Each structure stands twice: as C-alpha cells, then as structure tokens.
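Per this note's numbering: the sequence shown ends with 236, consecutive numbering throughout. Just so it is clear, CB atoms sit at the ideal spot from N, CA and C, and this is done for glycine as well. Remember, predicted model here, so these are calculated numbers, not experimental data.
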Amino acid sequence: MIESLVPAGSSYAWEIDNLFTLIFVLVGFWFLACEGVFFWLIWKFRAKDGQRAEYITGDEKHLKRWITIPHMLVLVCDVFILGGAVKVWYDIKQYLPEPQQTVRVIGQQWTWTFVHPGPDGLLDTADDIYKVNELHLQKGVTYHYKLESVDVLHDFSVPIFRLKQDAIPGRVITGWFEPTLEGEFDIQCAEICGIGHGLMAARVFIENGDKHAAWMASETPLALAANIPLQRAGEE
C-alpha cells in the first residue's frame with residue numbers, strides 16, 4: 001500500500017511498510033467501529049416526544065461492559081503492534097550487519113556533505129570522494145553510514161529507504177541500509193534547522209556495479225586533478 005505512493009528502495013523497507021499497514025488496519029478498524037457505535041447511539045437515543053431523559057451513572061454492569069471489553073480488545077491489538085515494532089527496531093536499529101562499504105553523512109546549515117570511500121574501499125583515506133548534496137551508492141551493497149552534524153539538529157531522511165535519523169551535534173550515529181532499487185531519489189532534512197531548512201535537500205543516486213565503478217573512477221582526487229589542465233586548455 002505504501003509502496004504505491006513511495007517506492008521501497010532498501011532491504012528493510014518492507015518491514016516498516018508492513019508495520020505501518022498493521023497499525024493502519026487496526027486503528028482504522030477501531031475508528032470505524034467507534035464512529036459506527038457513536039452514530040448508532042445518537043440515532044437510538046434521540047429525543048422523542050413525551051419521553052424524558054434519564055440520568056445514567058454508568059455503574060450498571062451492562063454499561064461497564066461497553067468500556068471494559070473494548071479496552072481489553074484494544075490492549076490485545078497494542079500487543080500485536082508492540083511485537084511488530086520491537087522486531088522492526090531490532091532488525092534495523094539494534095542489529096547492524098557487516099558493512100561492505102561505509103559512507104559519512106555530514107549535515108550543516110543548509111546542505112549535506114557526503115564522503116564516499118574511493119577505489120580502496122576504505123573511508124578516511126586519501127582517495128575519499130567528497131560530494132555536496134549527492135550520495136552515490138551501489139545497488140545490493142550493504143552500507144554503514146556515519147551521521148553527524150556540525151552546527152544544529154538535523155534529520156537525515158531518505159523516504160525510499162524508510163530511513164529517518166536525527167543528526168546530533170557532537171555525536172556520530174551509525175546506521176545501515178542496503179539499496180535495492182536503481183534510480184535517482186530524494187534526500188531531505190526532516191528537522192526544522194533554521195531559515196533555510198526547506199532548501200536543505202539532496203539526491204541519492206543508486207547504480208549498478210559497472211556504473212558505480214565508472215563514477216568512482218571519474219571522481220577520485222587523482223582523476224579530478226588530471227582533468228584540470230585539460231579543462232583549462234579547452235577554456236583557453
């Protein structure tokens with residue numbers, strides 16, 4: 001249901017979608033049931049000629065059942081929701097699979113900086129690739145992300161991954177995702193962070209192995225440095 005509105009682009013997106021669907025179905029059922037009973041009572045006990053209203057204390061057993069039985073059923077529904085939520089939390093937040101790549105995500109007013117590992121596959125080395133408002137990933141690869149903020153509270157939100165994580169100044173937060181869908185998609189800041197908050201958007205590019213390797217080769221510091229004289233010569 002949710003996937004028809006926002007594509008599911010990570011290995012765990014379906015778990016979150018299923019949890020939201022469960023909540024929607026259970027809450028929707030109780031909403032319709034309560035509204036149905038409410039309007040039925042309005043119609044059944046509507047004002048009638050020659051009939052005086054009665055004062056009801058609610059102490060009678062048959063009236064108490066209207067409260068206790070629905071409450072017990074709601075608690076049963078809550079147990080199902082809680083069980084699903086705990087499983088999703090463990091699978092996504094508590095359990096971190098071994099990464100094949102690691103990227104650094106830095107939020108600041110009002111832009112995102114992404115640090116990609118270079119051809120050596122390691123982060124924080126000389127061949128790292130820095131991109132502003134562009135995150136480049138390979139489909140089917142498990143990534144860890146190191147999320148941080150240099151100024152105020154931000155929120156790293158990637159709707160197709162079903163990912164939304166606060167970036168807190170002074171902390172480095174580790175999470176993970178595995179892209180499963182090729183294409184170009186939105187990244188946004190989901191925490192009001194100042195006057196330019198609405199402009200703090202970025203893009204994630206998910207590519208197959210060949211395209212990602214070609215992009216990486218063209219963006220390494222050595223490749224960019226080698227292209228500078230050619231560009232200048234062309235301009236002259």
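Is the distance from the Cβ of residue i to the Cβ of residue j below 8 Å?
i	j	result
C193	S157	no
V115	L122	no
W112	L199	no
W176	H144	yes
D128	P119	no
G183	I206	yes
F238	R203	Summary: the structure shown does not reach residue 238, with the chain confined to residues 1 through 236, and so no result is reported for it.
Here's the rule I'm using: 16 or more other beta-carbon atoms within 10 Å means buried, otherwise exposed. How should residue i be labelled?
i	result
D155	buried
R104	buried
G234	The pLDDT assigned to G234 is 40, lower than 50, so where the model puts this residue is not dependable, and the model offers no usable value.
Q94	exposed
R162	buried
F39	exposed
P179	buried
P97	exposed
P229	Summary for P229: the model assigns pLDDT 48, below 50, so the residue's position carries little reliability; its value from the coordinates is reported in the next sentence. So P229 counts as exposed.
Return the first residue and the last residue of the alpha helix (DSSP H) that residue i is part of.
i	result
V37	A13 to K44
G194	Neither: G194 is in no alpha helix (DSSP H) and is coded neither H nor E.
F80	K61 to W89
E219	G209 to E219
Rounded to whole angstroms, how far is the Cβ of residue i from the Cβ of residue j, which I believe are closer than 8 Å?
i	j	result
H212	Q138	4 Å
L32	I81	Actually they do not touch by this definition, with Cβ atoms about 17 Å apart.
I173	L147	5 Å
V132	Q101	In fact, because the Cβ distance is near 19 Å, the residues do not count as touching under 8 Å.
Taking the alpha carbon of residue i as the point to measure from, which residue in the options has its own alpha carbon closest?
i	options	result
G107	S218, F177, A201 and I206	A201
T220	C77, G209 and Y130	Y130
S242	K164, A126 and E54	Residue numbering for the chain in the displayed model covers 1 to 236; residue 242 lies beyond these limits and cannot be assessed.
V248	M216, D210, L19 and A8	Here the chain has residues from 1 to 236 only, and residue 248 is not among them.
S149	G140, N133, I160 and D166	D166
W215	E134, Y12, W43 and G36	E134
What is the residue span of the beta strand (DSSP E) that residue i lies within?
i	result
F114	T111 to H116
I160	Careful: I160 lies outside any beta strand (DSSP E) and carries neither H nor E.
D186	G183 to C189
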